[in-house]
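Visitor: One structure follows; several queries about it will come next.
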Amino acid sequence: MLKPGTIGILGGGQLARMLGLAAARLGLRCHVYSPEKNSCAFDVVHAGTCASYEDETALGRFAGSVDVITYEFENVPAKTAAFLSRRRPVLPDPKVLETTQDRLVEKNFISALKIATAPYAPVHSATQLAEAVDAVGLPAVLKTRQLGYDGKGQAKIAKGGDPVAAWRSVQNAPCILEGFIKFEREVSVVAARSRDGKVECFEVTENEHRDHILKMSRVPAKVTPALTHEARQVATRIAKAFDYVGVLAVEMFVVRRGRWHTVLVNEIAPRVHNSGHWTIDGASVSQFEQHIRAVAGWPLAKPVRLGQRVEMVNLIGEEVNEAARWLTVPGAAVHVYG
Ligand code: AMP
1 MLKPGTIGIL GGGQLARMLG LAAARLGLRC HVYSPEKNSC AFDVVHAGTC ASYEDETALG
61 RFAGSVDVIT YEFENVPAKT AAFLSRRRPV LPDPKVLETT QDRLVEKNFI SALKIATAPY
121 APVHSATQLA EAVDAVGLPA VLKTRQLGYD GKGQAKIAKG GDPVAAWRSV QNAPCILEGF
181 IKFEREVSVV AARSRDGKVE CFEVTENEHR DHILKMSRVP AKVTPALTHE ARQVATRIAK
241 AFDYVGVLAV EMFVVRRGRW HTVLVNEIAP RVHNSGHWTI DGASVSQFEQ HIRAVAGWPL
301 AKPVRLGQRV EMVNLIGEEV NEAARWLTVP GAAVHVYG
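Reading the sequence shown from the start, the letters are residues 1 to 338 in our numbering.
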């Protein structure tokens, strides 16, 4: 158990900022490492380093000043993670990143656990593209294997559409083709796993996206108790299979199978997640505190929802100007992070 200790965080965006605030409440300090000068996490933490992820002198100094290192984003360069993990524990273990940084490796990992996903196939060549279309069918979504988020590096192929044009639109990068799922809703489970292997899941959260960006999250989700159990089991099994330490989020599609509903896993985020923001004000413990507790070697809290229902609305871009309107709404909490 870290006490009093310093947690190093790679990345300086909103998630690092919220982690820093949660750590401060527990009496722990954070040192944020980010290549961007204007990182909003710098404003709230004990120490900050602004340097590139390739700068080994700065990375070495950073590692020397902290007890444990974590990260707020999944695209931490493998070399940076390896360099740091020779000096300090990096949690979650960077081997998780090798899986989650590549959609094909991630889907294969999930499938090996016998957890359902959309049908998918690799696409590395024009021949393989045709084979993938035959195997998966149309409509489908072509996604680059790496560095895709919020719908970037994705192209939908309609029934009767032109797969080659879609592949061209993602610059013929290595891809996976996924069957387009007619889901009833999208949900996520944010789960924490402690250093001694205990798992605590937050409630299943229902999510709505706009232009591929999370716009709204709601709890409780409109799902049956059986589906709740299934979704939490899926997240727990994934966390265990990774021997994970910290918070992860599993995004899922809810689909109907005859009279029943079931989940298909879309994506794993090896970090705190936007769909868990509601836990800051809407639960007895936030996802950020759970993550800090896990990486610091503390016991996890048992999350309890505060209130009958909770909604998180993401104010995207100019919409941040709407924040003022929410300031006086009863029961609303406003978070502005630049
Ligand atoms: P992703 O970048 O994979 O998280 O996708 C972003 C969003 O695109 C998801 O939250 C879904 O709304 C939509 N989406 C992604 N993949 C599929 C799919 N195979 N079928 C239907 N919708 C999808």
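Cβ atoms here follow ideal geometry from the backbone N, Cα and C, with glycine treated the same way.
Could you give the C-beta distance for A239 and L248, rounded to a whole number, given that I count them as a contact under 8 Å?
Guide: Yes, A239 and L248 are in contact; Cβ-Cβ is about 6 Å, under 8 Å.
Visitor: Tell me the start and end of each unbroken alpha helix (DSSP H) in the stretch 124 to 212 that is at least 4 residues and wholly inside, in chain order.
Guide: List check, alpha helix (DSSP H) in window: 126 to 136 and 163 to 169.
Visitor: Does the beta carbon of V96 fall short of 7 Å from some heavy atom of ligand 1?
Guide: Answer for V96: no, Cβ out of range of ligand 1.
Visitor: Between H124 and P174, how many whole angstroms is the CB-CB distance? I'm expecting something under 8 Å.
Guide: 5 Å between Cβ atoms; contact.
Visitor: For R195, which residues from the same chain have a beta carbon less than 6 Å from its beta carbon, with the 5 sequence-adjacent residues on both sides left out?
Guide: V245 and G297.
Visitor: Whole angstroms are fine: how far does the CA of L26 sit from the CA of F288?
Guide: Rounded to the nearest angstrom, the two C-alpha atoms are 11 Å apart.
Visitor: Report yes if the C-beta distance between N207 and S188 is below 8 Å; otherwise report no.
Guide: For N207 and S188, yes; Cβs fall inside 8 Å.
Visitor: Measure from the alpha carbon of L15 to the alpha carbon of each residue in G197, N321, E319 and I292, then state which is nearest.
Guide: The shortest Cα separation from L15 among G197, N321, E319 and I292 belongs to I292.
Visitor: Taking the alpha-carbon positions, what's the M312 to A82 distance?
Guide: Their Cα atoms are separated by approximately 36 Å.
Visitor: Looking at A118 and ligand 1, is the gap between the Cβ and the nearest heavy atom below 7 Å?
Guide: A118 Cβ: within cutoff of ligand 1.
Visitor: Helix, strand or coil, according to DSSP, for G48 in the structure here?
Guide: Strand.
Visitor: Taking the CB atoms as reference points, tell me whether V250 and V272 lie closer together than 8 Å.
Guide: No, these two residues do not count as a Cβ contact at 8 Å.
Visitor: Under 7 Å from any heavy atom of ligand 1, does the C-beta of Q154 make it?
Guide: At least one heavy atom of ligand 1 is nearer than 7 Å to the Cβ of Q154, so yes.
Visitor: Alpha carbon to alpha carbon, what distance is there between T144 and V265?
Guide: Near 17 Å, if we compare the C-alpha coordinates of T144 and V265.
Visitor: Provide the residue span of the beta strand (DSSP E) that contains S275, from first to last.
Guide: Looking at the DSSP string, S275 is not in any beta strand (DSSP E), and its letter there is neither H nor E.
Visitor: Measuring only from the beta carbon, is N266 closer than 7 Å to any heavy atom that is part of ligand 1?
Guide: Yes, ligand 1 has a heavy atom inside 7 Å of this Cβ.
Visitor: Count the other C-beta atoms from every protein chain shown that fall within 10 angstroms of the C-beta of R309, then say buried if there are 16 or more, exposed otherwise.
Guide: Flag for R309 reads exposed.
Visitor: Between F183 and Y120, what straight-line distance do the alpha-carbon atoms span, to the nearest angstrom?
Guide: Looking at the two C-alpha atoms, the distance is approximately 16 Å.
Visitor: Confirm the yes/no value for this check: CB of I181, any heavy atom of ligand 1, distance under 7 Å.
Guide: Yes, the beta carbon of I181 sits closer than 7 Å to at least one heavy atom of ligand 1.
Visitor: Applying the 10 Å Cβ sphere with the 16-neighbour rule, what's the burial state of R103?
Guide: Buried, because 16 or more other Cβ atoms sit within 10 Å of the Cβ of R103.
Visitor: With a threshold of 8 Å on Cβ separation, who are the neighbours of I9 within its own chain once the five nearest residues in sequence on each side are excluded?
Guide: Excluding residues within five positions, the ones whose Cβ falls inside 8 Å are A16, L19, G20, C30, H31, V32, Y33, A41, V45, I69, T70, Y71 and E72.
Visitor: Based on the DSSP output, what are the partners of P398 in its beta bridges?
Guide: Nothing can be reported for residue 398, as the shown portion of the chain is limited to 1 through 338.
Visitor: Going straight from the alpha carbon of G137 to that of P94, what length do you get?
Guide: Their Cα atoms are separated by approximately 35 Å.
Visitor: Unbroken alpha helix (DSSP H) runs of length 4 or more, entirely within the stretch 282 to 312: which are they?
Guide: For the stretch 282 to 312, whole alpha helix (DSSP H) runs of length 4 or above, ordered along the chain, are 287 to 296.
Visitor: Identify whether G258 lies in helix, strand or coil by the three-state DSSP scheme.
Guide: Looking at G258 - three-state DSSP - the assignment turns out to be coil, as it is neither helix nor strand.
Visitor: Report buried or exposed for L306, applying the criterion of at least 16 other Cβ atoms within 10 angstroms of its Cβ.
Guide: Exposed, because fewer than 16 other Cβ atoms sit within 10 Å of the Cβ of L306.
Visitor: Under three-state DSSP, which class holds L15?
Guide: L15 falls in the helix class under three-state DSSP.
Visitor: Looking at ligand 1, does it come within less than 7 Å of H124, judged from the CB to the closest heavy atom?
Guide: For ligand 1, not one heavy atom lies less than 7 Å from the Cβ of H124.
Visitor: Any heavy atom of ligand 1 within a distance shorter than 7 Å of the CB on K143?
Guide: Checking the Cβ of K143 against ligand 1 gives yes.
Visitor: In angstroms with no decimal places, state the Cα-to-Cα distance between A116 and V254.
Guide: In a straight line, the C-alpha of A116 is about 11 Å away from that of V254.
Visitor: Can you determine whether any heavy atom of ligand 2 sits closer than 7 Å to the C-beta of H212, and answer yes or no?
Guide: The model depicted lacks ligand 2 and carries ligand 1 instead.
Visitor: Please report the distance separating the alpha-carbon of G5 from that of S65.
Guide: Computed Cα separation, rounded: 10 Å.
Visitor: Between the Cα of K215 and those of V164, G11, G276 and R259, spot the shortest distance and give me the residue it belongs to.
Guide: Checked all of V164, G11, G276 and R259; the closest Cα to K215 is G276.
Visitor: Would a C-beta distance cut-off of 8 Å place A63 and L97 closer than the cut-off?
Guide: It is not a contact, given that the beta carbons lie outside the stated cut-off.
Visitor: I'd like the span of the alpha helix (DSSP H) that includes V96, first residue to last.
Guide: Note, V96: alpha helix (DSSP H), K95 to T100.
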